[in-house]
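J.: Heads up: the sequence shown begins at -10 in the working numbering, then just goes up one per residue. Idealized CB from N, CA, C, for every residue including glycine. Predicted, not measured: the structure shown is a model, and the values here were computed from it.
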Amino acid sequence: MRTSAQVRARRLALVSMAALGAVALTACGVAKSGTGGSPATTGPAGGPAPAGFVATSVTFVSADEGFVLGTAPCAHAPCTAVRRTLNRGASWAGLPAPVVPLGNPYDNTSQQAVWGIRFASPGQGFAFGNGLWVTTDGGEQWAAAAGPGSSIVDLEVIDGEVLALSDRCTAQSGCAPTETLDRRALSGGPWSVVTRVSEPRDIATQARVAVLLDGSSVVVTEDGGRTVARHATPCAGGSGSAGTAVAVTGTSSLALLCAGDAAMGSVRKTVYVSGDLGATWAEAGSPPFAGDPWGISAGTGTAQVVAAASGASWLYYSPDGGARWLTAFTAGDGGAGFNDLGFTTAADGVAVYGPVYQNGNSSGLPGKLLVTSDGGASWTAVKF
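1. Taking the straight line between their C-alpha atoms, what separation do you get for R219 and R185?
2. Taking Cβ to Cβ, would you say P67 is nearer than 8 Å to V88?
3. Hey, quick one: how far does the beta strand (DSSP E) through N119 stretch, first residue to last?
4. So, at 6 Å on beta carbons, what are the nonlocal neighbours of F278 in its own chain, with the 5 sequence-adjacent residues on each side left out?
5. Would Y306 and A297 qualify as a contact pair, given that the criterion is a beta-carbon distance under 8 Å?
6. Closer than 6 Å by C-beta to G310: which residues in its own chain qualify, once you throw out the five before and the five after it? Chain order, please.
7. Out of A102, N350, L121, T210, state which residue places its alpha-carbon closest to the alpha-carbon of D265.
8. Excluding sequence positions up to five away, which residues of its chain have a Cβ less than 7 Å from the Cβ of P179?
9. What's the gap between the Cα of D250 and the Cα of R257?
10. Would you kindly work out how many angstroms separate the C-alpha atoms of V151 and A64, rounded to a whole number?
11. Report the partner residues of T60 according to the DSSP bridge assignment.
12. Determine the closest residue to N328 out of G112, A102, P94, with distance taken between C-alpha atoms.
13. Whole-angstrom Cβ separation of T333 and A52, contact assumed at under 8 Å?
14. Apart from the five residues just before and just after S80, which ones in its own chain have a Cβ nearer than 8 Å to its Cβ?
15. Which runs of the alpha helix (DSSP H) spanning at least 4 residues fall entirely within the segment 162 to 244, listed in chain order?
16. Measuring straight from C-alpha to C-alpha, what distance separates F49 and G326?
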């Protein structure tokens, strides 16, 4: 299980920026999951998708083909479900899911649960959480697999390697004070530790580069985790500023989101860019003040998207490398937030708006998939 300190160190840490001021491209398990409580298992694999589905996590393997993990009403728990589209959300098919409940990576529990999905190709994919499940046939069957730790907070596939950010936890002693970035070959085999991290955010990938924000530094790999470099960020805690998210925007370029000076659901945000994978940084601009920062992503080095949420949820868009910022999406929802903001191509991006981390969705979160085809300038909710 996670300690409260580790929970606060994750994506929601900046909800209390006053305390801190006093201080990621979506890539993209031994029982089979062809039977069980998943709504998608009530018919043939790839069959019609039952109504009422809401989303938790998304992964696209091309501009058109993607998979979404979530939940829908069903007769037998746990009601976890997977949906697949071949036409960017115009239509959906239901697939089996690992027969475990949805969970929240920020809950202090060691019970088996799933909260993320990633596919490396149309056939090969992973579902992860408190456990790891793999598929080699496009999600028709899932098998339990050995993970690097008891809980996988985030997972990405890059350059023939699987990278996982994981906790080492036991029922007797709880979780280790640090998390680890681990890797294994996409084809299988043992896990090995890449590096230990104490204040990590989610892994970002693009263009054969993976990067992880760890407190006041970024950890960068260009070879799937075989070797890493660590560089300081400009948001190193001075003036109430802290790093909140990082994105890969090209073969040698990164975008970094720093934030600080919170006031009534608003936070000062600053974007920095690097053309040498974090060795040096330049200030690029400041997104609007409203909302606590949830993430940053970009299909190119010039068109950036920043997610924020507090009393509402926002996606801010810059068409010119951070000089100007526009509101591309907004919803007055009390701060439902986002998950898996990322780009598959320079123009095509996705995000889960109001992700649902509980079967039954008792909180009534939106659980919607948003897509953009213009680099983030506009976003549309697709129907499941």
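T.: Looking at the coordinates:
1. Numbered from 1 along the sequence shown, position 230 holds the residue referred to as residue 219. Numbered from 1 along the sequence shown, position 196 holds the residue referred to as residue 185. Rounded to the nearest angstrom, the two C-alpha atoms are 12 Å apart.
2. If you number the sequence shown from 1, residue 67 lands on position 78. If you number the sequence shown from 1, residue 88 lands on position 99. Yes, these two residues count as a Cβ contact at 8 Å.
3. Translated into the one-based positions of the sequence shown, residue 119 becomes position 130. Residues 114 to 124.
4. Start at 1 with the first residue of the sequence shown, and residue 278 comes out as number 289. Within the same chain, F278 has close Cβ partners S255.
5. Here residue 306 refers to the residue found at position 317 of the sequence shown. Here residue 297 refers to the residue found at position 308 of the sequence shown. No, Cβ-Cβ distance for Y306 and A297 is not below 8 Å.
6. Within the sequence shown, the letter at position 321 stands for residue 310. The answer, listed in chain order, is A273, T291.
7. Reading the sequence shown from its first residue, position 276 is the one you call residue 265. Cα-wise, what sits closest to D265 is T210.
8. Here residue 179 refers to the residue found at position 190 of the sequence shown. Around P179: R173.
9. Residue 250 sits at position 261 when you count from the first residue of the sequence shown. Residue 257 sits at position 268 when you count from the first residue of the sequence shown. Each residue's Cα considered, the two are about 6 Å apart.
10. Along the sequence shown, one-based indexing puts residue 151 at 162. Along the sequence shown, one-based indexing puts residue 64 at 75. Each residue's alpha carbon lies about 35 Å from the other.
11. One-based indexing of the sequence shown puts residue 60 at position 71. Beta-bridge pairing links T60 to V43, T69.
12. Residue mapping note: residue 328 aligns to position 339 of the sequence shown, counting from 1. Out of G112, A102, P94, P94 has the C-alpha closest to the C-alpha of N328.
13. Counting from one through the sequence shown, the residue named residue 333 turns up at place 344. Counting from one through the sequence shown, the residue named residue 52 turns up at place 63. That pair is a contact at about 6 Å.
14. Here residue 80 refers to the residue found at position 91 of the sequence shown. Counting only Cβ-Cβ distances below 8 Å, and skipping sequence neighbours, we find T74.
15. none
16. For the purposes of this step, residue 49 is identified with residue 60 of the sequence shown, where counting begins at 1. For the purposes of this step, residue 326 is identified with residue 337 of the sequence shown, where counting begins at 1. Their backbone Cα atoms lie some 20 Å apart in a straight line.
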